[in-house]
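Residue numbers (my numbering): 8 to 202. C-beta atoms are modelled at their ideal positions from N, C-alpha and C, and glycine is treated no differently. Report on the following structure.
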Amino acid sequence: MPRSLSKGRTFVYMLPWREQDLLKVGYSRQPLVRMRTLHRRFFDVFDLERGLLLETERLAQARQIERDIIVRHATQRSPAPLTVPDEAAGYSEWFRGICPEVTALLHDAAAREGFALHSLRDWLRQWFGSQGDGLYEWSLRMLEAIEYEAFNVPPEWQRGEAARSLRYVMDACEAVGLPLADLFPDGALAWRHGL
């Protein structure tokens, strides 16, 4: 049977901001994509240790849990940090001072409904770790693009996209505790060390 939009794994996320008593709640089928829309270097601004992902079986379940949090804590709403793009902010979903309450609510929902509850760091470590072979091959292509640009493109036309992408992915893997030597070729490790 075709999969409908209302069925299938959906995550309720709780993303505590590292520097403040502030958090973002919401739901997404692709939490990594959502985090990147909030901040490109999400692993630098969100507290990966305290962050949580509750894995539901249906979109409606995730929506209801998110709605419960929003309604219950309406008076603790807060503006999004200035570094979050306006189009990604989700203005009704930022809160101050409720991290313990939302953590408890997600633990209760997981126990009551039998949903998997993931620490953000563990989920990201597993996701990036599962990309191992692909990351290795992709990083070789990025190194080729970096070298090509350095030797064949005039400095004023160089954009550095491949270098930014490779640095970003290696930084993300390091932030979640993955050993870079297990995922990236020696050339990528030497390139990063030489930055």
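Is the separation between the beta-carbon of residue i and that of residue j shorter than 8 Å?
i	j	result
residue 39	residue 113	no
residue 34	residue 50	no
residue 191	residue 142	yes
residue 77	residue 61	no
residue 166	residue 55	no
residue 133	residue 105	no
residue 85	residue 124	no
If you reduce the DSSP assignment to three classes, tell me which class residue i lands in.
i	result
residue 107	helix
residue 135	helix
residue 44	helix
residue 94	helix
residue 196	helix
residue 126	strand
residue 26	coil
residue 61	strand
residue 36	coil
residue 10	At residue 10 the pLDDT is 49, less than 50, meaning the model places this residue with poor confidence and gives no usable figure here.
residue 101	strand
residue 15	strand
residue 70	helix
residue 166	coil
residue 191	coil
Ordered along the chain, which non-local residues of its own chain (more than five positions away) have a Cβ less than 6 Å from that of residue i?
i	result
residue 194	150
residue 131	183
Closest to residue i by CA distance: which of the options is it?
i	options	result
residue 69	134, 127 and 21	21
residue 94	57, 138, 45 and 104	45
residue 99	79, 67 and 57	79
residue 200	174, 185 and 189	174
residue 87	27, 163 and 57	27
residue 52	64, 37, 31 and 65	31
Note down, in chain order, each residue of its chain lying with its Cβ closer than 7 Å to the Cβ of residue i, except the 5 sequence neighbours on either side.
i	result
residue 187	177, 180, 181 and 196
residue 172	149
residue 152	169
Quick check: what's the CA-CA separation for residue i versus residue j?
i	j	result
residue 115	residue 121	10 Å
residue 90	residue 126	24 Å
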